[in-house]
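A.B. asks: A single structure is presented below for examination.
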Amino acid sequence: MRKPCCDKEGTNKGAWSKQEDQKLIDYIRTHGEGCWRSLPKAAGLHRCGKSCRLRWINYLRPDIKRGNFAQDEEDLIIKLHALLGNRWSLIAGRLPGRTDNEVKNYWNSHIRRKLIKVGIDPNNHKIHQSFPRLHHVSPGASSSASMKNKEHKPLKYAKDRISADTDQSGLEEDTMNSSQLNLDLTIAFPSPVVEEKSKSNSESTKIRDHMDSESAPILVLFR
DNA sequence: AAAAGTCTCAACCGCCATTCC
DNA sequence: TGGAATGGCGGTTGAGACTTT
C-alpha cells in the first residue's frame, strides 16, 4: 500500500496566503528549486511538497506571463492541441511564460467553446457535420489522446461572449506574428543512441508514430 | 436589489514514470 | 532486480466572481 504524498494532518490546504507565498519565494530564491518533499519543512510551510511545487510553477515563478492570451497564442494552442491532444505540458512548453494549468484552463473555458460554436469538434478538430462550415481550420487533424475528453456542460450563459469572441477569433486567418513565441513546431526526437537507451520512453515513440501515420496533422495544419 | 444560474481558475487528487537505494 | 520514494502530469473540484432574470 502506497503512502500518501504527505502527512495529511497538520498541513494547510486551499488558497495560499500572502505570507505562505512569501516564504516559498524567499526559500526558492535562496536555495533554488530542489527536493519538493523536504522543502515545506525547510521553508517553514505547513504544506505538502506537491502543493508547494504547484504553487511555484503555476503562480509564483518570476517568468510567468499572466493575463489574457494573445490571438497568436490561442492559434498556437489550437494547432498544438490538434497535433498533441491533451498534452498540456507539451503545449505549454511552446508558449513562453504560460503554464500547463493555465493552458488547460483556457482551453476548457474558452477555446473549446469557440470551436464548438464555429462547428468544430474540439476533441478531434473535425468539422461537426450539423454545424455551418468555417473556412480555414483544418479538420484533418485528429488526436487519440484528446478523445478521452468528456463533453463539457452545455453553454447558455456565455452566448453573447462567444459571438463577441468568434467575431474576432482569428480562426480564419493566420495571425502568427509574435516574435516571442516559439513557432517552430518541429518535434525533436532523441538521437538514435539516446533513443536506444531509453526504449521505455514511450512519449517520443508515440508522437513519431502519430507523425508517421497517413493523416499526420502537421501536413494539414501547415500548408 | 436579490436570487439563481453559470463561468473561471487556483488548487487538489490520483495515477504513472522515473529515480534512488 | 525490485520496491519505495519522488516528481510530473492530466482530470476534476469548488469557492468566488460575474451575468441574467
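At position 21 of the first sequence (counting the first as 1) the number is 29 in my numbering, and the numbers step up by one without a gap. Cβ atoms here follow ideal geometry from the backbone N, Cα and C, with glycine treated the same way.
Just tell me which of Ile119, Leu123, Ile33, Asp34 has its CA closest to the CA of alanine 78.
C.D. replies: Sequence index remark: in the first sequence, residue 78 carries index 70 (1-based). Nearest C-alpha to alanine 78: Ile119.
A.B. asks: Starting from the C-beta of alanine 51, find all residues in its chain whose C-beta is less than 7 Å away, skip the five residues before and the five after it, and write them out in chain order.
C.D. replies: If you number the first sequence from 1, residue 51 lands on position 43. Cβ within range, chain order: Lys31, Leu32, Tyr35.
A.B. asks: For leucine 98, which residues of its own chain have a beta-carbon under 8 Å away from its beta-carbon, when the five flanking residues on both sides are left out?
C.D. replies: Taking the first sequence and counting its residues from 1, one reaches residue 98 at position 90. Answer for leucine 98: Leu88, Leu92, listed in chain order.
A.B. asks: Put lysine 58 into one of helix, strand or coil per three-state DSSP.
C.D. replies: Against the first sequence, residue 58 aligns to sequence position 50. Helix at lysine 58.
A.B. asks: What are the start and end residues of each continuous alpha helix (DSSP H) run of 4 or more residues lying completely inside the region 21-71, in chain order?
C.D. replies: 26-39, 47-51, 57-63
A.B. asks: Once DSSP output is grouped into helix, strand and coil, what is the label at lysine 112?
C.D. replies: Residue numbering aside, residue 112 sits at position 104 when the first sequence is read from its first letter. It is helical.
A.B. asks: By DSSP, does lysine 134 sit in helix, in strand, or in coil?
C.D. replies: Within the first sequence, numbered from 1, the residue matching residue 134 stands at position 126. DSSP places lysine 134 in strand when its eight states are reduced to three.
A.B. asks: Quick check on the DSSP output: the alpha helix (DSSP H) that includes glycine 101 runs from which residue to which?
C.D. replies: The residue given as residue 101 occupies position 93 in the first sequence. That run of the alpha helix (DSSP H) goes 96-101.
A.B. asks: With distances taken Cα to Cα, identify the nearest neighbour of serine 25 among Asn116, Leu68, Val111.
C.D. replies: The residue you call residue 25 lines up with position 17 of the first sequence. Ranking the options by Cα distance to serine 25, first place goes to Leu68.
A.B. asks: Could you check whether cysteine 56 and leucine 47 sit closer than 7 Å to each other, using their CB atoms as the reference points?
C.D. replies: Reading the first sequence from its first residue, position 39 is the one you call residue 47. Reading the first sequence from its first residue, position 48 is the one you call residue 56. No, these two residues do not count as a Cβ contact at 7 Å.
A.B. asks: Label lysine 49 either buried or exposed according to how many other C-beta atoms from any shown protein chain fall within 10 Å of its C-beta, with 16 as the threshold for buried.
C.D. replies: Indexing the first sequence from 1 puts residue 49 at position 41. Under this definition lysine 49 is an exposed residue.
A.B. asks: Given a threshold of 16 other Cβ atoms within 10 Å of its Cβ, counted over all protein chains shown, does asparagine 131 qualify as buried or as exposed?
C.D. replies: Within the first sequence, the letter at position 123 stands for residue 131. Counting Cβ neighbours within 10 Å, asparagine 131 comes out buried, since at least 16 surround it.
A.B. asks: Please classify lysine 87: does DSSP put it in a helix, a strand, or coil?
C.D. replies: Residue numbering aside, residue 87 sits at position 79 when the first sequence is read from its first letter. Helix, per DSSP.
A.B. asks: Going by the CB atoms, is the gap between histidine 54 and asparagine 94 shorter than 7 Å?
C.D. replies: Position 86 of the first sequence, counting from 1, holds the residue named residue 94. Position 46 of the first sequence, counting from 1, holds the residue named residue 54. Cβ distance not < 7 Å, so asparagine 94 and histidine 54 don't count as in contact.
A.B. asks: Can you give the Cα-Cα distance for leucine 84 and glycine 18, rounded to whole angstroms?
C.D. replies: For this step, residue 84 is matched to residue 76 along the first sequence. For this step, residue 18 is matched to residue 10 along the first sequence. Roughly 42 Å between the two C-alpha positions.
A.B. asks: Write down the C-beta distance between asparagine 66 and threonine 107 rounded to the nearest angstrom, noting that I regard them as a contact closer than 8 Å.
C.D. replies: Counting from 1 along the first sequence, the entry for residue 66 is found at position 58. Counting from 1 along the first sequence, the entry for residue 107 is found at position 99. So it is a contact: roughly 5 Å between Cβ atoms.
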